[in-house]
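Undergrad: Before anything else, here's the structure in question.
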Amino acid sequence: MTDARLRYGRASLALSFLVQGVTFALLVTRIPAIQDRYGISDGLLPVFLAAVPVLAGVASVATEKVVARVRPGTVLRWAQPVVMLALLGVGAGSEVWQAAFALGAFGLGVGALDASMNMMGVSLQRAYGRSIMLGFHAAFSLGGIAGASLAWAGAHWDLSLAVSYLPAVLVLLPAALVGSRWYTDGKAGTRGGAGSEGTAAAGAGASVPFKLLMPLCLVMAFAYIGDSTVSNWSAKYLQDVLGSSEQLATVPYNVYMVTTLLGRAVGDLGVRRFGAVAVVRGGSVLAAAGFGVVAAAPGAWWGMLGFTLLGLGLCVIVPQAFAAAGRMFPGASDVAVARLNVFNYVGFLVGSPLVGALGDAWSYRGAMLVPMVLVLATLVYARSFAPEPARYGVGHERARAADVG
-14 MTDARLRYGR ASLALSFLVQ GVTFALLVTR IPAIQDRYGI SDGLLPVFLA AVPVLAGVAS
46 VATEKVVARV RPGTVLRWAQ PVVMLALLGV GAGSEVWQAA FALGAFGLGV GALDASMNMM
106 GVSLQRAYGR SIMLGFHAAF SLGGIAGASL AWAGAHWDLS LAVSYLPAVL VLLPAALVGS
166 RWYTDGKAGT RGGAGSEGTA AAGAGASVPF KLLMPLCLVM AFAYIGDSTV SNWSAKYLQD
226 VLGSSEQLAT VPYNVYMVTT LLGRAVGDLG VRRFGAVAVV RGGSVLAAAG FGVVAAAPGA
286 WWGMLGFTLL GLGLCVIVPQ AFAAAGRMFP GASDVAVARL NVFNYVGFLV GSPLVGALGD
346 AWSYRGAMLV PMVLVLATLV YARSFAPEPA RYGVGHERAR AADVG
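Quick note: the sequence shown uses the working numbering, first residue -14, plus one each step.
Printed below as a string of structure tokens:
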């Protein structure tokens, strides 16, 4: 495979991560507007929201089987338009069944998209021979900031959901389709686009003992419990517990997203310099400290500091979990990534209800200690992030690694 093809493949995959960040943020930040549009009751809303990650988990498992016959890039090329058109469908419908159908399609598409994107990212990182995985997730964070900003603009100008979503889809969908021409999964000159149909993905169907993958699965779930705690409870916590204004309560999640972007933008350099184990350990300690500050915060600005630390700490864990799965099972990385990706949705499903239940039964300050302890548990499994046969970074490079920029 030429160096140019790897560079183009890296850029096109980063674009897909960015597009998905925009799309996902446009959906989740307008949940109240979606509820109002379709007249979904407060009791029924959690069912709709839970169905999305459940279906995404099903699609992630199915993607493991699909990539035994086609390249991950082929899955991604078709899944991304499905997700974007489903978003448009959410904004354009008028009946509850239409919302259910669109959200179901969104969930299935997201599961296939997340799995295939990370499969390709892991494979490209192996081809590069050095850490680049955090950069892809930084693109997702950047897209999330852009999507949240677009959603704010739509709400500020009281635009309908369809009008808010349509410009983003019209711009990003063609861009993603054009970018998909250069998809490559880093495997011996193959491309994840047209022409790869019927070609078995390398390692698909190979053995991935769940016992060996379990530490990374737990870490993935713990990280997403922490992430969903911030996304679902930061505003309520700042306003109801720390006494902030309603306007200030909207800031923590934006701060969290910005610090996530900053941490991921420099995270690959940290992995190359210090190794994945050190970066994951540092991130876990920093995230746990953030939860501790949030739990003990005497006022809103201390709470803001805690959420800032959380973003800087949590941001490195998920990308490195995917990368570690690829290193642990180099002959079956697609299978490992698809199975690990399911625990993304497990953490998302568990996190928000867990904190809410503990907050109602005990206190929201006390509830913040639970994700803190879970994130700290990552330290127990940190060695799983650097299997001895294939460690990346300075002092850990493979002799045959090609630097392609």
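Even glycine gets a Cβ: it sits at the ideal position worked out from N, Cα and C.
If you check the beta carbons only, do Gly272 and Val360 fall under 8 Å apart?
TA: The residue you call residue 272 lines up with position 287 of the sequence shown. The residue you call residue 360 lines up with position 375 of the sequence shown. The amino acid at residue 272 is misidentified as Gly; the sequence shows Ala. Taking 8 Å as the Cβ cut-off, Ala272 and Val360 qualify as a contacting pair.
Undergrad: Would you say the beta carbon of Met105 is closer than 7 Å to some non-hydrogen atom of the ligand NAP?
TA: Questions concerning the ligand NAP fall outside what the structure shown contains, since it holds no ligand whatsoever.
Undergrad: So Ser165 is in the alpha helix (DSSP H); what residue range does that whole segment cover?
TA: Here residue 165 refers to the residue found at position 180 of the sequence shown. No alpha helix (DSSP H) holds Ser165; DSSP gives it neither H nor E.
Undergrad: Would you grab the beta carbon distance between Leu151 and Leu88 for me? Rounded to a whole angstrom, and I think it's under 8 Å.
TA: Looking up residue 151 in the sequence shown gives position 166. Looking up residue 88 in the sequence shown gives position 103. Contact flag wrong, Cβ pair sits at about 18 Å.
Undergrad: What span of residues does the alpha helix (DSSP H) with Ala306 cover, start to end?
TA: As a first step, residue 306 must be located in the sequence shown, where it is residue number 321. Ile302 to Met313 is the span of the alpha helix (DSSP H), which, as asked, contains Ala306.
Undergrad: Could you check whether Ser165 and Arg62 sit closer than 8 Å to each other, using their CB atoms as the reference points?
TA: For the purposes of this step, residue 62 is identified with residue 77 of the sequence shown, where counting begins at 1. For the purposes of this step, residue 165 is identified with residue 180 of the sequence shown, where counting begins at 1. Yes, the pair counts as a contact, with Cβ atoms nearer than the cut-off.
Undergrad: In whole angstroms, what is the alpha-carbon distance linking Met105 and Val43?
TA: For the purposes of this step, residue 105 is identified with residue 120 of the sequence shown, where counting begins at 1. For the purposes of this step, residue 43 is identified with residue 58 of the sequence shown, where counting begins at 1. About 19 Å.
Undergrad: Could you tell me the alpha carbon to alpha carbon distance between Ala64 and Ala97, rounded to whole angstroms?
TA: Looking up residue 64 in the sequence shown gives position 79. Looking up residue 97 in the sequence shown gives position 112. For Ala64 and Ala97, the distance between alpha carbons rounds to 6 Å.
Undergrad: Per DSSP, what kind of secondary structure is Ser1 in: helix, strand or coil?
TA: Residue 1 sits at position 16 when you count from the first residue of the sequence shown. Helix.
Undergrad: Measure how close the beta-carbons of Gly268 and Ala124 come, nearest whole angstrom, since I'm counting them as under 8 Å.
TA: Sequence index remark: in the sequence shown, residue 268 carries index 283 (1-based). Sequence index remark: in the sequence shown, residue 124 carries index 139 (1-based). Contact flag wrong, Cβ pair sits at about 19 Å.
Undergrad: From Ala41, Lys50 and Tyr23, pick the residue whose C-alpha is nearest to that of Glu80; which is it?
TA: Translated into the one-based positions of the sequence shown, residue 80 becomes position 95. Taking only the C-alpha atoms, the option nearest Glu80 is Tyr23.
Undergrad: As a quick exercise: from Thr8, Gly92, Ala112 and Phe2, pick the residue whose alpha carbon is nearest that of Leu155.
TA: The count along the sequence shown starts at 1 and reaches residue 155 at position 170. That would be Thr8, whose Cα lies nearest to the Cα of Leu155.
Undergrad: From Gln83 to Arg15, what does the alpha carbon distance come to, in whole angstroms?
TA: The sequence position of residue 83 within the sequence shown is 98, counting from 1. The sequence position of residue 15 within the sequence shown is 30, counting from 1. Cα to Cα, Gln83 sits roughly 17 Å from Arg15.
Undergrad: Can you tell me which of the three DSSP states Thr169 falls into?
TA: The residue given as residue 169 occupies position 184 in the sequence shown. Thr169 falls in the strand class under three-state DSSP.
Undergrad: Excluding the 5 residues flanking Gly76 on each side, which residues of the same chain have their C-beta closer than 6 Å to its C-beta?
TA: Here residue 76 is taken as the residue at index 91 of the sequence shown, counted from 1. Within the same chain, Gly76 has close Cβ partners Leu146, Ala147 and Tyr150.
Undergrad: What would DSSP say about Ala140, mapped onto helix, strand or coil?
TA: Here residue 140 refers to the residue found at position 155 when the sequence shown is read from its first residue. Of the three classes helix, strand and coil, the one that applies to Ala140 here is helix, per DSSP.
Undergrad: Quick one: measure Cβ to Cβ for Phe314 and Val193, integer angstroms, because I've assumed they're closer than 8 Å.
TA: Along the sequence shown, one-based indexing puts residue 314 at 329. Along the sequence shown, one-based indexing puts residue 193 at 208. Contact holds; Cβ gap of about 5 Å.
Undergrad: Have a look at Met205, Asp253 and Gly129 and flag the residue whose alpha-carbon is nearest the alpha-carbon of Ala310.
TA: In the sequence shown, the residue the question calls residue 310 occupies position 325. The shortest Cα separation from Ala310 among Met205, Asp253 and Gly129 belongs to Met205.
Undergrad: Between Ala367 and Val262, is the Cβ-Cβ spacing less than 8 Å?
TA: Mapped onto the sequence shown, residue 367 falls at position 382. Mapped onto the sequence shown, residue 262 falls at position 277. Result yes, Cβ atoms of Ala367 and Val262 sit closer than 8 Å.
Undergrad: Apply the 10 Å Cβ neighbour rule to Leu394 and answer buried if 16 or more other Cβ atoms are within range, or exposed otherwise.
TA: Any question about residue 394 goes unanswered here, given that the chain covers just -14 to 390.
Undergrad: Among Leu299, Ser348 and Ala136, whose alpha-carbon lies nearest the alpha-carbon of Ala10?
TA: Position 25 of the sequence shown, counting from 1, holds the residue named residue 10. Of the listed residues, the one whose Cα sits closest to Ala10 is Ala136.
Undergrad: Taking Cβ positions, are Val60 and Val68 nearer each other than 8 Å?
TA: For this step, residue 60 is matched to residue 75 along the sequence shown. For this step, residue 68 is matched to residue 83 along the sequence shown. No, the Cβ-Cβ distance between Val60 and Val68 is not below 8 Å.
Undergrad: Assuming the contact rule is C-beta atoms closer than 8 Å, Gln20 and Leu12 should be a hit. Round their C-beta distance to whole Å, please.
TA: Counting from 1 along the sequence shown, the entry for residue 20 is found at position 35. Counting from 1 along the sequence shown, the entry for residue 12 is found at position 27. That belief does not hold up - the Cβ atoms of Gln20 and Leu12 are roughly 12 Å apart, past 8 Å.
Undergrad: Leaving aside the five residues before and after Tyr349 along the sequence, list all residues of the same chain whose C-beta is less than 7 Å from its C-beta, in chain order.
TA: The count along the sequence shown starts at 1 and reaches residue 349 at position 364. Excluding positions up to five away in sequence, the list reads Tyr222 and Val226.
Undergrad: Taking contact to mean 3 or more Cβ pairs, one atom from each stretch, closer than 8 Å, check whether the region 236 to 243 and the region 280 to 296 are in contact.
TA: Judged by Cβ distances under 8 Å, the region 236 to 243 makes contact with the region 280 to 296, as three or more pairs qualify.
Undergrad: If we ignore side chains and look at the alpha-carbon of each, how far apart do Gly78 and Ala90 end up?
TA: Sequence index remark: in the sequence shown, residue 78 carries index 93 (1-based). Sequence index remark: in the sequence shown, residue 90 carries index 105 (1-based). Straight-line Cα distance between these residues: approximately 14 Å.
Undergrad: Short of 6 Å in beta carbon distance, which residues of its chain neighbour Ala41, apart from the five on each side in sequence? Order them along the chain.
TA: For the purposes of this step, residue 41 is taken as residue 56 along the sequence shown, with counting starting at 1. Within the same chain, Ala41 has close Cβ partners Gly92, Val95, Gly96 and Tyr330.
Undergrad: DSSP three-state label for Ala153, please.
TA: The residue you call residue 153 lines up with position 168 of the sequence shown. If DSSP states are grouped into helix, strand and coil, Ala153 belongs with the helices.
Undergrad: Identify, in the order they occur along the chain, each residue of the same chain with its Cβ nearer than 8 Å to the Cβ of Ser369, setting aside the five sequence neighbours on each side.
TA: The residue you call residue 369 lines up with position 384 of the sequence shown. Counting only Cβ-Cβ distances below 8 Å, and skipping sequence neighbours, we find Pro200, Leu201, Val204, Ala309 and Met313.
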